[in-house]
Amino acid sequence: MSFLFNQVLKRFVREGTLDIVMPDGTTRHYAGQRPGPSATIHIKTEKALSALVVNSGLAFGEGWMDGEIEAVDCSLEDVLRVLMLNMQNTGHIFNRFEGGVRFLSRRVRQFNGARRSQRNVAHHYDLNGTLYDLFLDKDRQYSCAYFQRDDMTLEEAQLAKKRHIAAKLKLDRPGLEVLDIGCGWGGLALTLAQEFGARVTGITLSQEQLQVARQRAKEAGLEQQVRFELLDYRKVKHQFDRIVSVGMFEHVGIGHYDRFFQNVSRCLKPDGIALLHSIGRMDGPGSTNPWINKYIFPGGYSPALSEVFPAVERSGLWVTDCEVLRLHYAKTIAIWRERFEANRDKICALYDERFCRMFEFYLVGAELSFRLQGHMNFQLQLTRAIDAVPLTRDYMFEAEQAMISRDS
Numbered sequence: 005m006s007f008l009f010n011q012v013l014k015r016f017v018r019e020g021t022l023d024i025v026m027p028d029g030t031t032r033h034y035a036g037q038r039p040g041p042s043a044t045i046h047i048k049t050e051k052a053l054s055a056l057v058v059n060s061g062l063a064f065g066e067g068w069m070d071g072e073i074e075a076v077d078c079s080l081e082d083v084l085r086v087l088m089l090n091m092q093n094t095g096h097i098f099n100r101f102e103g104g105v106r107f108l109s110r111r112v113r114q115f116n117g118a119r120r121s122q123r124n125v126a127h128h129y130d131l132n133g134t135l136y137d138l139f140l141d142k143d144r145q146y147s148c149a150y151f152q153r154d155d156m157t158l159e160e161a162q163l164a165k166k167r168h169i170a171a172k173l174k175l176d177r178p179g180l181e182v183l184d185i186g187c188g189w190g191g192l193a194l195t196l197a198q199e200f201g202a203r204v205t206g207i208t209l210s211q212e213q214l215q216v217a218r219q220r221a222k223e224a225g226l227e228q229q230v231r232f233e234l235l236d237y238r239k240v241k242h243q244f245d246r247i248v249s250v251g252m253f254e255h256v257g258i259g260h261y262d263r264f265f266q267n268v269s270r271c272l273k274p275d276g277i278a279l280l281h282s283i284g285r286m287d288g289p290g291s292t293n294p295w296i297n298k299y300i301f302p303g304g305y306s307p308a309l310s311e312v313f314p315a316v317e318r319s320g321l322w323v324t325d326c327e328v329l330r331l332h333y334a335k336t337i338a339i340w341r342e343r344f345e346a347n348r349d350k351i352c353a354l355y356d357e358r359f360c361r362m363f364e365f366y367l368v369g370a371e372l373s374f375r376l377q378g379h380m381n382f383q384l385q386l387t388r389a390i391d392a393v394p395l396t397r398d399y400m401f402e403a404e405q406a407m408i409s410r411d412s
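Quick note: to get our numbering, add 4 to the position in the sequence shown (first position is 1).
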């Protein structure tokens, strides 16, 4: 297996350098034809070495979690930067085969019916709530922030994100009924109610998020204006003036896109406006990394716009605006990583060292996927009627400027 591993790495490393300390203590040096970053790792066991040859996408993360793979005189970010830059290459035969199977079977992996969706959501979002308090902003916005200025704090950028979305929703009068699909811990719903007078229904499949969101509404005195329900998006029957969904579409599954947008169309009033905010990819259809699928977001997938637009078209909805946010999420996750590291001892006490290594691997890999591998966020504004929004986008900028002026 050591010989095969060596042959694979010779072909894999084409940019930068990678030194590997083998289980027997020997060191192998792999240098690409193009200059780039460098890193050193120690593969401690033959088991980890064999797994890397067969399915590196899953095995590297598992080996890191279990302490069978370690960074040597460098950081995890250094290691993943070298690996992820070189993943742009064709890879070796085992990875090409496994990747092909993963792509062909992705509809099965993403078959997120109501029961499976609830299990998938619970896997990540029903973790101990204290964990999220230790690395998110105070409002627990677990999605891409919006950095209008480079020097914004995370709290400022998350508020800017919510207001950016509100501007696109055109909340131009109080009392508008808003559906928040995948409402998280309720932060966006509460902001839309407090700042714009909206009447919001937030739906989630997470018991933990539901409990926190309802408590927050009670503490804010907004129980009559904002309500939260444990409800699948497919079960919503009421029509709303506005519909918003932030960071939930990644959990829908490619085989359910038609149903999702048909439900949005059905639940949106004839003159209504919807806003979808999701992670996407700029390099065309793909598949979810097997380690992410197993340990972080089961059934999750970040789509290419070419996979989303056909379903929108079939639903009869207008795409009245599309914006691509490129490095905003990389900046967001970088701050999450800093806060996670600052509170690592507390998080380890909540769970254990293996959990911390898992979560660090997830955060570092996620940030680099936006910096190196074409991940981005997109926001789609959708309407049923051709004239539901003004002819130009000026109203969005004017609304945001009014909010900024109000704060100053």
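The beta carbon of each residue, even a glycine, is placed where N, CA and C say it ideally should be.
Nearest to residue i (by Cα), restricted to the options the options
i, options, result
"Phe-232", "Tyr-150, Leu-194, Gly-251", "Leu-194"
"Thr-21", "Ile-247, Ala-35, Tyr-237, Glu-181", "Ala-35"
"Asn-293", "Val-25, Gln-383, Gly-369, Leu-279", "Gly-369"
"Ile-185", "Gln-243, Met-252, Asp-356", "Met-252"
"Val-76", "Ile-337, Ile-47, Glu-160", "Ile-47"
"Thr-30", "Ser-6, Val-323, Gln-405", "Ser-6"
"Asp-325", "Asn-90, Asn-347, Phe-382, Trp-340", "Phe-382"
"Ser-306", "Gly-259, Ala-197, Leu-196", "Gly-259"
"Cys-187", "Glu-223, Val-248, Arg-238, Ala-171", "Val-248"
"Thr-134", "Leu-395, Asp-349, Leu-321, Ser-409", "Asp-349"
"Leu-321", "Ile-337, Gly-40, Leu-13, Val-268", "Val-268"
"Leu-329", "Arg-32, Gly-257, Ala-149", "Ala-149"
"Gln-377", "Glu-74, Asp-275, Met-286", "Met-286"
"Val-312", "Phe-363, Gln-266, Leu-87, Ile-337", "Gln-266"
"Val-240", "Leu-13, Gly-257, Gly-40, Arg-270", "Arg-270"
Whole-Å CB distance - residue i paired with residue j, under 8 Å assumed
i, j, result
"Gln-213", "Tyr-299", "In fact, because the Cβ distance is near 20 Å, the residues do not count as touching under 8 Å."
"His-255", "Gly-303", "7 Å"
"Leu-414", "Phe-244", "Only positions 5 to 412 of the chain appear in this structure, which leaves residue 414 out of reach."
"Ala-52", "Glu-72", "4 Å"
"Glu-4", "Ala-171", "Since the displayed the chain opens at 5 and closes at 412, residue 4 lies outside it and no answer follows."
"Leu-384", "Leu-84", "About 30 Å; that fails the 8 Å criterion."
"Asp-141", "Gln-162", "5 Å"
"Arg-167", "Met-407", "5 Å"
"Leu-386", "Val-323", "6 Å"
"Leu-226", "Leu-209", "So it is not a contact: roughly 22 Å between Cβ atoms."
"Trp-340", "Phe-139", "5 Å"
"Pro-3", "Val-86", "Nothing can be reported for residue 3: it is not among the residues displayed for the chain, which extend from 5 to 412."
Residue(s) in a DSSP beta bridge with residue i
i, result
"Asn-381", "Ile-283, Leu-329"
"Tyr-34", "Leu-22"
"Ile-337", "Answer is none; Ile-337 lacks a bridge partner."
"Trp-322", "Thr-387"
"Arg-85", "Answer is none; Arg-85 lacks a bridge partner."
"Ile-277", "Arg-246, Thr-387"
"Val-230", "Val-204"
"Ser-42", "Thr-21"
"Ile-300", "Bridge partners of Ile-300: none, in fact."
C-beta atoms of residue i and residue j nearer than 8 Å
i, j, result
"Pro-289", "Ala-315", "no"
"Ser-147", "His-332", "no"
"Pro-178", "Gly-206", "no"
"Phe-301", "Ala-334", "no"
"Ile-277", "Val-204", "no"
"Glu-81", "Trp-295", "no"
"Phe-9", "Leu-62", "no"
"Met-69", "Phe-365", "yes"
"Gly-190", "Ala-221", "yes"
"Gln-229", "Ala-197", "yes"
"Leu-395", "Leu-279", "no"
"Glu-159", "Leu-89", "no"
"Asn-2", "Leu-354", "Outside the displayed span of the chain (5 to 412) sits residue 2, for which this structure offers no information."
"Thr-24", "Arg-15", "One detail in the question is off: residue 24 reads as Ile in this sequence, not Thr. It is not a contact, given that the beta carbons lie outside the stated cut-off."
"Pro-274", "Ala-389", "yes"
Any chain D beta carbon closer than 8 Å to residue i
i, result
"Phe-253", "Reference to chain D is not applicable here, since this structure consists of a single protein chain."
Ordered list of alpha helix (DSSP H) runs contained in the stretch 152-192, each at least 4 residues: 158-173
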